[in-house]
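**Student:** Using numbering that gives the first Met the number 0, the letters of the sequence shown map in sequence onto residues 0 to 290. Beta carbons: idealized from backbone N, C-alpha and C, even for Gly.
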Amino acid sequence: MDGKRWLSIISILLYALAAIILCYTIPRAEFISVFALFTALFILYIIILRTKLSLKWLLAGAIAVRICLLFSTPNLSDDVYRFIWDGRVSTNGLNPFLYTPDYFIHEISEGVKGLNYSMYSFLNSQKYYTVYPAFAQYIFTVSAAMDVNNIHLSIIIFKLLLLLFELVLITCALKLLHALKINERNILLYAYNPLTVTEVMGNAHFEPVMISFLLLGFWAMHKQKISLAAIMMAISVSTKMLPLMFAPLLLRYLNFKQILQFALICIALIALLFLPFYNLQIFTNLFSSVN
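Here it is as C-alpha cells:
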C-alpha cells in the first residue's frame, strides 16, 4: 500500500478519534475545546475529500465513524430529551400535541410513567407544546416504547433508527447522482461533513429521516412515479416541514394533472398520518409554540 493511501487511512482514523472525543467527552460550555476539535475535523475532512481511496472504502469509513458515536450521550445539544419526552407521552396513550411538559410536572397530582422531574430538568422547552410533526412523533414513540424509564436505552434506539436512515439517505443520494450523471464521490461532502456527523449521530438530530424521504421522492419523480413521489414527500413533510419549500418546483416539472394528483395524494397522506393526534386544539398549540 503506497504512502498516499496510508495517509488517507490515518486521516479517517484521526477523524474518528476527534469525533469520539468531541461527542463523548467535551461539554458544549468548553468553547475552546469544541472549536479546536471542529477545526481538526474540518481539516481532516478536506484531506479525506482529496483522497484517492475507492468510494466503497471511504463510505465504509464514514459509516464506521457513525457507529462509533452510537453510544454517546448528546453533549452539544439537549433537543433529544424533548424527542424522548414526546415519545413517552405517546407511549402513555396521551397526545403530545395537547400538553406541555409543565402540565405533567406542575398541574397534575398523579404522576405519568416516565414523565418525571429528572427527565423534565433536561428539557429546553418546558413551557411549550411540541412542534414536531406526526411521523417524527412515531419515531420518538418507537424510541421510548421499550423502557420509558431508561433514557440511555431510548437514545441508543433513536440513534439506531437515525443510522438506518443515514444508510437510506446515502444509498438514495448515490442513485440520484448516478442517474443525473454527477460524480458519485460528491456524496463524500455529506458523508464526512463534521456538522452532519456530529449533529446526527452525536447530538441525535433527526434531519436524515426527513432528507431520506425527500430524496426517495426525488428519485420517484425522476422515474416519473408521481404517486410514489407524493407519498415520499408527504412522509418527509410529516417529519419536518422544511421540504414544503420545494413545492414551487412542481410547477416546473409537472403538468396540471400531475400537480393535482401529487397534491391530493400528499395532502391525504399527511392528514392520515396526523389522524391519531387529531384535535382542533393542536393547531392553536402548535402555532403558539412556533411563535
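Apart from the five residues just before and just after ILE138, which ones in its own chain have a Cβ nearer than 7 Å to its Cβ?
**Tutor:** LEU160, PHE205, VAL208.
**Student:** List the endpoints of the continuous alpha helix (DSSP H) containing LYS256.
**Tutor:** Start and end: 255 to 273.
**Student:** Please classify SER71 as buried or exposed, where buried requires at least 16 other C-beta atoms within 10 Å of its C-beta.
**Tutor:** So SER71 counts as buried.
**Student:** Report the residue from PRO247, ARG4, SER287, VAL236 whose alpha carbon sits nearest the alpha carbon of ALA267.
**Tutor:** Considering only alpha carbons, the answer is VAL236.
**Student:** With distance defined between alpha-carbon atoms, name the residue in LEU13, LEU16, ASP77, ILE47 nearest to ARG27.
**Tutor:** That would be ASP77, whose Cα lies nearest to the Cα of ARG27.
**Student:** For TYR277, does the count of other Cβ atoms within 10 angstroms reach 16, so buried, or fall short, so exposed?
**Tutor:** Exposed, since its Cβ has fewer than 16 Cβ neighbours within 10 Å.
**Student:** Expressed to the nearest angstrom, what Euclidean distance is found between the alpha-carbon atoms of GLY110 and TYR116?
**Tutor:** Near 10 Å, if we compare the C-alpha coordinates of TYR116 and GLY110.
**Student:** In three-state terms, what does DSSP make of PHE70?
**Tutor:** Looking at PHE70 - three-state DSSP - the assignment turns out to be coil, as it is neither helix nor strand.
**Student:** First and last residue of the alpha helix (DSSP H) that includes ARG27?
**Tutor:** ARG27 -> no alpha helix (DSSP H), and no H or E assigned at all.
**Student:** With the cut-off set at 9 Å, would you say MET232 and PRO132 are in Cβ contact?
**Tutor:** No, they are not a contact pair.
**Student:** If you follow the alpha helix (DSSP H) that GLU165 is in, where does it begin and where does it stop?
**Tutor:** Element bounds for GLU165: 150 to 178.
**Student:** Using DSSP with H/G/I as helix, E/B as strand and the rest coil, what is PRO193?
**Tutor:** It is helical.
**Student:** Could you give the first and the last residue of the continuous alpha helix (DSSP H) run that contains THR90?
**Tutor:** Per DSSP, THR90 belongs to the alpha helix (DSSP H) from 78 to 90.
**Student:** Check the C-beta distance from LEU176 over to ILE186 and give it rounded, since I have them as a contact under 8 Å.
**Tutor:** Confirmed, Cβ separation roughly 6 Å.
**Student:** Where do the N-terminal and C-terminal ends of the alpha helix (DSSP H) with TYR116 fall, by residue?
**Tutor:** Looking at the DSSP string, the run of the alpha helix (DSSP H) that includes TYR116 is 116 to 119.
**Student:** Looking at the structure shown, is GLY201 part of a helix, part of a strand, or coil, going by DSSP?
**Tutor:** Reduced to three states, the DSSP call for GLY201 is helix.
**Student:** Exposed or buried, THR238, counting other C-beta atoms within 10 Å across all chains shown (16 or more means buried)?
**Tutor:** Burial call: buried.
**Student:** Looking only at its chain, what residues have a beta carbon closer than 7 Å to the beta carbon of ARG87, apart from the 5 residues adjacent to it on each side?
**Tutor:** Contacts found: GLY113, LEU114, ALA143, VAL147.
**Student:** With distances taken between CB atoms, is the gap from LEU43 to LEU13 smaller than 9 Å?
**Tutor:** Result yes, Cβ atoms of LEU43 and LEU13 sit closer than 9 Å.
**Student:** DSSP three-state label for GLN223, please.
**Tutor:** It is coil, neither helix nor strand.
**Student:** Does DSSP put PRO95 in a helix, in a strand, or in coil?
**Tutor:** PRO95 falls in the coil class under three-state DSSP.
**Student:** At the level of alpha carbons, what is the spacing between TYR293 and SER211?
**Tutor:** Residue 293 is absent from the model: the chain starts at 0 and stops at 290.
**Student:** Among the candidates GLU29, SER7, PHE37, LEU6, whose CA atom is the shortest distance from the CA of LEU194?
**Tutor:** Among GLU29, SER7, PHE37, LEU6, the Cα nearest to that of LEU194 belongs to PHE37.
**Student:** Between ILE230 and ILE154, is the Cβ-Cβ spacing less than 9 Å?
**Tutor:** No, the pair does not count as a contact, with Cβ atoms beyond the cut-off.
**Student:** What span of residues does the alpha helix (DSSP H) with ALA133 cover, start to end?
**Tutor:** Start and end: 133 to 144.
**Student:** Could you please give the first and the last residue of the uninterrupted alpha helix (DSSP H) stretch that includes ASN284?
**Tutor:** That run of the alpha helix (DSSP H) goes 280 to 289.
**Student:** Helix or strand or just coil, what does DSSP make of ILE45?
**Tutor:** Correct three-state label for ILE45: helix.
**Student:** Do LEU188 and ILE62 come within 9 Å of each other at the CB atom, strictly closer than that value?
**Tutor:** No, the pair does not count as a contact, with Cβ atoms beyond the cut-off.
**Student:** Just to check my reading of the structure: PRO242 and LEU213 have Cβ atoms closer than 8 Å, yes? What is that Cβ distance to the nearest angstrom?
**Tutor:** Going by Cβ atoms, the distance from PRO242 to LEU213 rounds to 5 Å, so yes, they are a contact pair.
**Student:** Assuming contact is defined by CB atoms lying nearer than 9 Å, are CYS67 and ALA35 in contact in what I supplied?
**Tutor:** It is not a contact, given that the beta carbons lie outside the stated cut-off.
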